[in-house]
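Enquirer: Numbering (this note's numbering), first residue to last: 27 to 513. Glycine residues also receive a C-beta, built at the ideal position from the N, C-alpha and C atoms.
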Amino acid sequence: MEPTVEVQQRLSPLLRQLGPALYELDPSFREDMRVPARIVADEELLQQMSQDHSILQLVNVTTLPGIQGFAIGMPDMHEGYGFPVGGVAGTLLPHGVISPGGIGFDINCGVRLLSTGLLHEEVEALLPALAHDLARSIPTGFGRHGRLSLDSEQLERVLAEGVPYVVDVLGLGTREDLPHIEAGGYLPGADASKVSVRARERGHDQLGTLGGGNHFIELQRVERIYDPDAAAAFALFERQLTILIHTGSRGLGHQVCTDAVREMDRALAREGIRLVDRQLACAPFSSPEGQDYYAAMCAAANFAWSNRQVLTQRVREVFSRRLGSRPESWPRIVYDVAHNIAKVETYGGKRLCVHRKGATRAFGPGNKELPTAYQRVGQPVFIPGSMGTASFVLAGRSESQSLSLSSACHGAGRRLSRAAAKRQVVGAELRKALNAQGIIVECPSNAELAEEAPTAYKDVDRVVDTVETAGIARKVARLVPLAVLKG
DNA sequence: ATGTGC
């Protein structure tokens, strides 16, 4: 990217404070801005964002054809491909653009929280065995394939039908799981024929695999409840054992994104779209390229939800083997949220294509898509911290609708690039430090461990407090790690 | 993030 970090550092004083933890850059800042850029942050987080190109990337997002209202950055925002990670933008349908860079390479990367009826102290002695069994049962790391190898018809149906197919036909899970997954684990806009042969080849044996990078499965203890009413609705209580799954659409989603960026790049001239950054490749939602990408993105999203569903079953198998088949040891889905996805949603009577890249949908109370038990308290939002730090459960507030297109943050957010983290952190020492904290680490690679060091991330407590201060969501529970499984 | 890159 052309502009320097210094440009961005000069830019942050131009941000005007609109409200608690909310800042705005007026569109007069640059003549190509169609709408303002807003950022949910405090002074410290703004300062951290100024260290990379993310604020400039957010300004670039405001130039996209059809963008409505404002582009908004979450407190965990950092630099990404074209769009910042932690960026949200809605474009007016039917002709506003859809941009693969606004969704991310890992389509429907997301987080699923499982609850148990077990207390931490009841299972403490068994944690090493549980972690070890999970590591044996679940392939982790770059390029690993799973135990399932789908034939072309099965893969096609996973892409077209998502989790309902995985439950009903493959027999992995129960019907009760479905309402506890965003969109029921299935976007009907999917068209498997729009997923390239290459993408399908990459995905056919990756269902039920965790992947690398920041993907993980964590066994956790509910350390603190902030909102007893919402916690009760989500079936969470103090000292409870929970399981958090963070993964996405693996090589399949990555290839869908790669394919679409190339196709859209070719169509830009025909559509008369001039971009400030080629990584913002996009096409009108109504165009052939826009429609093809949306159909393929929905299919990749269905694949990702299905992946988290298969992993859930692996967890359930390990738990029933080690803990018996009593109901307390059957992990139930609290909810499953996507944080790299575009959704068609209506705001102020307008149908928008809402891009959430490193941002979590955070519907407030009363939304019809939520399961009945959550209608009164709002949508569960999960914020995984970095390795060895806390994760949070939030509940979406109605105010999120006008503040942030019903969106919240998605994690702690990177502070250091992977390369910088690797230079600064010695993986073996980090492993020792985590073990000294009493955290079981199942991760074969010290290099992967170093890239995900807590020092490479922002302070998750601060990020979550900022989302709460802004009025987007409220804190429900704080979860702390007991064992982590990663690539 | 990713069968790691123009």
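Can you tell which of D102, M59 and P53 has its C-alpha closest to the C-alpha of Q74?
Expert: Comparing Cα-Cα distances from Q74 to each of D102, M59 and P53, the minimum goes to D102.
Enquirer: If you draw a straight line from the alpha carbon of K376 to that of L118, how long is it in whole angstroms?
Expert: Cα-Cα distance, rounded: 7 angstroms.
Enquirer: Excluding the 5 residues preceding and the 5 following L456 in the sequence, name in chain order all residues of the same chain whose CB lies nearer than 7 angstroms to its CB.
Expert: Result list for L456: L475, A476 and A479, in chain order.
Enquirer: If you drop the 5 nearest sequence neighbours on each side, which residues of the same chain put their C-beta closer than 6 angstroms to that of A261?
Expert: Same-chain partners within the cutoff: S141.
Enquirer: Starting from Q43, follow its DSSP beta bridges and name the residues at the other end.
Expert: Beta-bridge pairing links Q43 to Y49.
Enquirer: On a CA-only basis, which of F263, G92, R162 and R387 is nearest S125? Give me that one, please.
Expert: For S125, the nearest C-alpha among the options comes from G92.
Enquirer: Give the DSSP-derived three-state secondary structure of N366 in the structure shown.
Expert: Note: N366 maps to strand in three-state DSSP.
Enquirer: So, with DSSP's three-state summary, where would you put S38?
Expert: Note: S38 maps to helix in three-state DSSP.
Enquirer: Decide if K369 is buried, meaning its Cβ has at least 16 other Cβ atoms within 10 Å, or exposed.
Expert: The residue in question, K369, is buried, as its Cβ has 16 or more Cβ neighbours within 10 Å.
Enquirer: Just to confirm the assignment: which complete alpha helix (DSSP H) runs, minimum length 4, are found wholly within the segment 445-483?
Expert: Within the segment 445-483, the complete alpha helix (DSSP H) runs of at least 4 residues are 453-462 and 472-477.
Enquirer: Do you know how far the Cα of L267 is from the Cα of F168?
Expert: Cα to Cα, F168 sits roughly 28 angstroms from L267.
Enquirer: For C135 and F408, I'd like the C-alpha separation in whole angstroms.
Expert: Those two C-alpha atoms are separated by around 13 angstroms.
Enquirer: Provide the residue span of the alpha helix (DSSP H) that contains S430, from first to last.
Expert: It spans S426 to S430 - the alpha helix (DSSP H) in which S430 sits, taken as one unbroken run.
Enquirer: Give the straight-line distance between the Cα atoms of R516 and G404, rounded to the nearest whole angstrom.
Expert: Residue 516 is absent from the structure shown; the chain starts at 27 and stops at 513.
Enquirer: Does A438 come out as helix, strand or coil in the three-state DSSP assignment?
Expert: A438: coil per DSSP, three-state reduction.
Enquirer: Residues in the same chain with beta-carbon distance under 6 angstroms from S220, minus the five sequence neighbours each way, listed in chain order, please.
Expert: Looking at the sequence itself, residue 220 is Lys, so the reference to Ser does not match. Excluding sequence neighbours, K220 sits near D318, A321 and A322.
Enquirer: Near S275, which residues of its chain fall below 8 angstroms by C-beta distance, leaving aside the five closest residues on each side in sequence?
Expert: Answer for S275: D132, I133, N134, C135, G229, V282, A326, A327, F329, A330 and N333, listed in chain order.
Enquirer: Please give me, in chain order, every unbroken run of the beta strand (DSSP E) with length at least 3 that falls completely inside the segment 342-424.
Expert: Whole beta strand (DSSP E) segments, 3+ residues: 358-364, 366-373, 376-383, 406-409 and 417-422.
Enquirer: So for A327, helix, strand or coil by DSSP?
Expert: The answer is helix: DSSP assigns A327 an H, G or I state.
Enquirer: Could you tell me how far apart the beta carbons of L153 and L245 are, in whole angstroms, since I believe they sit closer than 8 angstroms?
Expert: Contact holds; Cβ gap of about 6 angstroms.
Enquirer: Hey, how far is the Cα of S76 from the Cα of G437?
Expert: So the two alpha carbons sit approximately 18 angstroms from each other.
Enquirer: Along the beta strand (DSSP E) that carries D102, what are the first and last residues, could you check?
Expert: Looking at the DSSP string, the run of the beta strand (DSSP E) that includes D102 is A97 to H104.
Enquirer: Report yes if the C-beta distance between L213 and C324 is below 8 angstroms; otherwise report no.
Expert: Contact: yes.
Enquirer: Over the uninterrupted beta strand (DSSP E) stretch that includes P507, give me the two end residues.
Expert: Note, P507: beta strand (DSSP E), A499 to K512.
Enquirer: By the 10 Å Cβ neighbour count, where 16 or more other Cβ atoms means buried, how is N461 classified, buried or exposed?
Expert: N461 is exposed by the Cβ-count criterion.
Enquirer: Looking at G513 and Q335, is the spacing between their C-beta atoms short of 8 angstroms?
Expert: No, they are not a contact pair.
Enquirer: Can you list, in chain order, the residues of its chain whose CB lies under 7 angstroms from that of P410, leaving out five sequence neighbours each side?
Expert: Only V137, L270, H272, S417 and G437 meet the Cβ criterion.
Enquirer: With the cut-off set at 8 angstroms, would you say A447 and N472 are in Cβ contact?
Expert: It is not a contact, given that the beta carbons lie outside the stated cut-off.
Enquirer: Identify the continuous alpha helix (DSSP H) that holds L267 and give its terminal residues.
Expert: Segment Q266 to T273 is the beta strand (DSSP E) holding L267; no alpha helix (DSSP H) there.
Enquirer: Which residue from K383, R402, E371 and R382 puts its Cα closest to that of P391?
Expert: Closest option to P391, Cα to Cα, is R402.
Enquirer: In terms of residues, what are the limits of the beta strand (DSSP E) holding R64?
Expert: Element bounds for R64: A63 to V66.
Enquirer: Can you list, in chain order, the residues of its chain whose CB lies under 7 angstroms from that of A161, leaving out five sequence neighbours each side?
Expert: So the list reads E468 and L511, once near-sequence residues are dropped.
Enquirer: What are the partner residues of V221, as DSSP defines its beta bridges?
Expert: Its beta-bridge partners do not exist; DSSP assigns none.
Enquirer: Per DSSP, L118 forms a beta bridge with which residues?
Expert: L378.
Enquirer: Tell me whether K484 is buried or exposed, calling it buried when 16 or more other Cβ atoms sit within 10 Å of its Cβ.
Expert: Classification for K484: buried.
Enquirer: Does the segment 55-70 come close enough to the segment 79-94 that 3 or more CB-CB pairs lie under 8 angstroms?
Expert: Counting Cβ pairs under 8 angstroms, three or more are found: they touch.
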